[in-house]
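Participant: My structure is below; once you've seen it, I'll send some questions.
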Amino acid sequence: MTELVECNGEQHRVTWRTGKVVLEDHDLAAERMLQALGGGTCECLRVLKRWRDLHSWATSGELYLQMRSRVAAQVLAPGELASIQELGLLLTWERAWRQQAYLGTQARWLHEQLQARAVEPLRAHLAHWAERLGAHQSSSVDVEVLRPGQEPRLAGEIDRYRVRATAGLGVRWMLGVHPRGLAVVDGAFVLDLLPSATGLRARAVRWEEGAGGTARPVAALGRLGRAPDGTWHLRWEDS
């Protein structure tokens, strides 16, 4: 992904490649030598510095809030690189949370980001199954952010009168499933992606009706395929 930046009167390229920000039109060693000799800082170098600073600030909740309020939108990368930067922040917050034994600032931020991404597709998933099972849609939806290493999950019940569900998801879901538009495929809620030599596999949730007419979520493996029009489809492996 490459964006153009106005720098020294020209359009320069700033690229996200293999997990790094690359300044295509600059020799970083030469630019730093020029700075050491008293030269100014070009806009491309400012973009690179702001990117690195933002992730450094994000390890401290208090410092991050102070600096974001001070410099506002200036810290964001140009164009679509801002979305990459935002996803990178999720990993930075997760690393900081991993070192804490309690629900700190970074964990609260992760929960906010998860809510923004997961609640709407989860509601769509529940609406699909509520209609299929003949339930009235009085739904209760919640999401919980998981620590690294915890398995994503979905718990709940669908009966004749109500629909309720709680999804436990982590940063891996926010980075791998949601950005690819795979949160809900053919009505199934995708918990995780499992790449394989024969294609893309998923662990996804469907609902099965039990005794008393109450349906509960069942996580099962399926294979994802893409139609010529770009639409994703899911085929359950146990069907």
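As numbered in our numbering, residues 0 to 238 make up the sequence shown, in order. Quick reminder that beta carbons are idealized off the backbone N, C-alpha and C, glycines included. All of these numbers come straight from a predicted model, not from anything done at the bench.
Buried or exposed for Q10, going by 16 or more other Cβ atoms inside 10 Å?
Facilitator: exposed
Participant: Who does A290 pair with in a DSSP beta bridge?
Facilitator: What is shown of the chain runs 0 to 238, which leaves residue 290 out entirely.
Participant: Return the Cβ separation of W231 and R225 in integer angstroms, given the expectation that the two are a contact with Cβ distance under 8 Å.
Facilitator: 6 Å
Participant: What are the start and end residues of the beta strand (DSSP E) that includes P194?
Facilitator: In the DSSP assignment, P194 falls within the unbroken beta strand (DSSP E) covering A187 to S195.
Participant: Starting from the C-beta of L132, find all residues in its chain whose C-beta is less than 8 Å away, skip the five residues before and the five after it, and write them out in chain order.
Facilitator: Around L132: I157, W206, E208 and A214.
Participant: Grouping DSSP H, G and I as helix and E and B as strand, with all else coil, what is Q149?
Facilitator: coil
Participant: When we look at the beta-carbon of H177 and count the other beta-carbons within 10 Å, is it buried (16 or more) or exposed?
Facilitator: buried
Participant: So, at 7 Å on beta carbons, what are the nonlocal neighbours of D237 in its own chain, with the 5 sequence-adjacent residues on each side left out?
Facilitator: A219
Participant: Could you give the residue range of the beta strand (DSSP E) that holds H232?
Facilitator: Boundaries of the beta strand (DSSP E) harbouring H232: W231 to W235, taken from the DSSP string.
Participant: With A126 as the anchor, note down where its alpha helix (DSSP H) starts and where it stops.
Facilitator: T104 to L132
Participant: Looking at the unbroken beta strand (DSSP E) that takes in L181, where does it start and where does it end?
Facilitator: No beta strand (DSSP E) holds L181; DSSP gives it neither H nor E.
Participant: In chain order, what residues of the same chain lie with their CB nearer than 7 Å to the CB of V110, ignoring the 5 residues before and after it?
Facilitator: Reading off the sequence shown, one finds His at residue 110, where the question assumed Val. Same-chain partners within the cutoff: V144.
Participant: Near V118, what residues of its chain come up, given a Cβ to Cβ distance below 8 Å and the 5 sequence neighbours on each side ignored?
Facilitator: Closer than 8 Å at the Cβ level, and outside the excluded window around V118, lie V140 and V142.
Participant: Considering only the alpha carbon of each residue, which of L174, R159 and S138 lies closest to L113?
Facilitator: L174
Participant: Taking L125 and S138 to be in contact with their CB atoms under 8 Å, please state how far apart those CB atoms are, rounded to whole angstroms.
Facilitator: In this structure L125 is in contact with S138, their Cβ atoms being roughly 6 Å apart against a cut-off of 8 Å.
Participant: First and last residue of the beta strand (DSSP E) that includes G175?
Facilitator: Careful: G175 lies outside any beta strand (DSSP E), inside the alpha helix (DSSP H) at V170 to G175.
Participant: Please return the same chain residues whose Cβ sits closer than 6 Å to the Cβ of D191, not counting the five positions on each side in sequence.
Facilitator: P151 and R202
Participant: Suppose you measure from the CA of G155 to the CA of T14; what does that come to, to the nearest Å?
Facilitator: 43 Å
Participant: Near E93, which residues of its chain fall below 7 Å by C-beta distance, leaving aside the five closest residues on each side in sequence?
Facilitator: In the same chain as E93, and ignoring 5 residues on each side of it, the C-beta atoms closer than 7 Å to its own belong to L109, P147 and V170, in chain order.
Participant: Does the distance from the CB of V162 to the CB of A115 come in under 8 Å?
Facilitator: no
Participant: Nearest by alpha-carbon distance to R122: which of E42, A182, R49 and L89 is it?
Facilitator: A182
Participant: Taking the alpha carbon of G212 as the point to measure from, which residue in Y160, R12, A166 and R179 has its own alpha carbon closest?
Facilitator: Y160
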